[in-house]
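One structure is given below, encoded as C-alpha cells.
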Amino acid sequence: GESVGLHLPTLSVQEGDNSIINCAYSNSASDYFIWYKQESGKGPQFIIDIRSNMDKRQGQRVTVLLNKTVKHLSLQIAATQPGDSAVYFCAERGAGRRALTFGSGTRLQVQP
Amino acid sequence: NAGVTQTPKFQVLKTGQSMTLQCAQDMNHNSMYWYRQDPGMGLRLIYYSASEGTTDKGEVPNGYNVSRLNKREFSLRLESAAPSQTSVYFCASSEEGLNTQYFGPGTRLTVL
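Now the structure itself:
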C-alpha cells in the first residue's frame, strides 16, 4: 500500500549549519510532493513543493530534492536558525488523487 | 486576509456528546479538507470537499460527518463523541487543480 515515512524522528543541528531532512515514499505513481513546517501549537505551514517531473527545486534557504529512482525526498535548509526548530512533514499525492498523504514527521532542534 | 480560521480552539466533551467544528477560508478556494493529528503522527484525512456541494470520504471518516455550507465554510460534526476522537483537528483549503493546502490553527479536542 501507499506510505510516506521519514528516516529520522529527531534531528539536532547547530545554529548556522545546514540541515537535511529525509523522506521515503512507496507509491511510485505519486506525482506531487510537498514539505510543511509545524511549530508547536500551530497548523502546518507550507514550505516548498515539487512535481515528479523535476529533480530539484529551490526556495529561500530551502531546497527540495527528489530521487524517483529510489523514491526518496529530502529537504535541505541552509544556515539553520533557531526559528527553524519545528516538526517537518513531507506529503505526497498519488497520480489521479486529490488528497495528500502525510508522513509522521521529523523534529528539527537547532542548538545555539 | 485571515486565511483559514477555525473555531473553537479548544473543546472538552464527554463520551456521547455531539459538537460541530467550524472552518472558514477567505482565499476563494474551491477545495477544503478536514484532518486529524494524533500525538507523534502525521495528519490523516477525514473528509474533503473538492468544490461547493460535494464531499468525499478520506482515510478515517468513521464517526464524522461534514457539511460544505457554502464556498467559504466547511464544518465537521461529531454526532456521538468517543475517547478515540481525542485529537487535534485541522482544516485546510486549496485552489482547485492546485495542490498547495493552507491550514488553519487547529482545534484541540478532548473526549473524556
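Quick mapping for you: the protein sequence lines, in order, are chains A and B.
Under my numbering, the first residue of the first sequence carries the number 1, and numbering increases by one thereafter.
Under my numbering, the first residue of the second sequence carries the number 1001, and numbering increases by one thereafter.
Ideal Cβ positions, reconstructed from N, Cα and C, are used throughout, including at glycine.
How big is the Cα-Cα spacing for residue 1063 (chain B) and residue 1018 (chain B)?
11 Å
Please decide whether residue 88 (chain A) counts as near chain B, where near means a Cβ-Cβ distance under 8 Å.
no
Residues of chain B with CB closer than 9 Å to the CB of residue 42 (chain A), please, in chain order.
1103, 1105 and 1106
Tell me whether the beta-carbon of residue 1107 (chain B) lies closer than 8 Å to the beta-carbon of residue 1011 (chain B).
yes
Among the candidates B:1058, B:1025, B:1023 and B:1051, whose CA atom is the shortest distance from the CA of residue 1096 (chain B)?
B:1051
Range covered by the beta strand (DSSP E) that runs through residue 107 (chain A):
106-111
Going along the chain, which residues of the segment 1069-1101 of chain B sit with their C-beta nearer than 7 Å to a C-beta in chain A?
1090, 1099, 1100 and 1101
In whole angstroms, what is the alpha-carbon distance linking residue 1044 (chain B) and residue 16 (chain A)?
Cα to Cα, the separation comes out at about 33 Å.
Quick check on residue 12 (chain A) - is its C-beta less than 8 Å from some C-beta in chain B?
no
When the distance is taken between beta carbons, is residue 48 (chain A) closer than 8 Å to residue 35 (chain A)?
yes
Who pairs with residue 1020 (chain B) in a beta bridge, going by DSSP?
B:1077
Using a Cβ-Cβ cut-off of less than 7 Å, list which residues of the segment 80-111 of chain A approach chain B; keep chain order.
Those residues of the segment 80-111 of chain A placed with their C-beta closer than 7 Å to a C-beta in chain B are 89, 93, 98, 99, 100, 102, 103, 104 and 105, ordered along the chain.
From the DSSP output, in three-state form, read off residue 55 (chain A) for me.
coil
Beta-carbon contacts of residue 111 (chain A) that lie in its chain and below 8 Å, excluding the five residues immediately before and after
Once the five neighbours on either side are set aside, the close Cβ partners of residue 111 (chain A) are 12, 13, 14 and 15.
May I ask which residues mark the beginning and end of the beta strand (DSSP E) holding residue 64 (chain A)?
Per DSSP, residue 64 (chain A) belongs to the beta strand (DSSP E) from 62-67.
Is residue 1109 (chain B) near the ligand NAD, with its Cβ less than 7 Å from a heavy atom?
By its list of ligands, the structure shown contains no ligand whatsoever, and the ligand NAD lies outside what it can speak to.
Looking at residue 1066 (chain B): is its Cβ nearer than 8 Å to the Cβ of residue 1076 (chain B)?
Yes, the Cβ-Cβ distance between residue 1066 (chain B) and residue 1076 (chain B) is below 8 Å.
Whose C-alpha, out of B:1083, B:1082 and B:1103, is nearest the C-alpha of residue 1074 (chain B)?
B:1103
Three-state class that DSSP yields for residue 1040 (chain B) in the structure shown:
coil
Kindly say whether residue 7 (chain A), judged by its beta-carbon, lies nearer than 8 Å to any beta-carbon of chain B.
Note that residue 7 (chain A) has pLDDT 46, beneath the 50 cutoff, so the model's placement of it is unreliable and no number is given.
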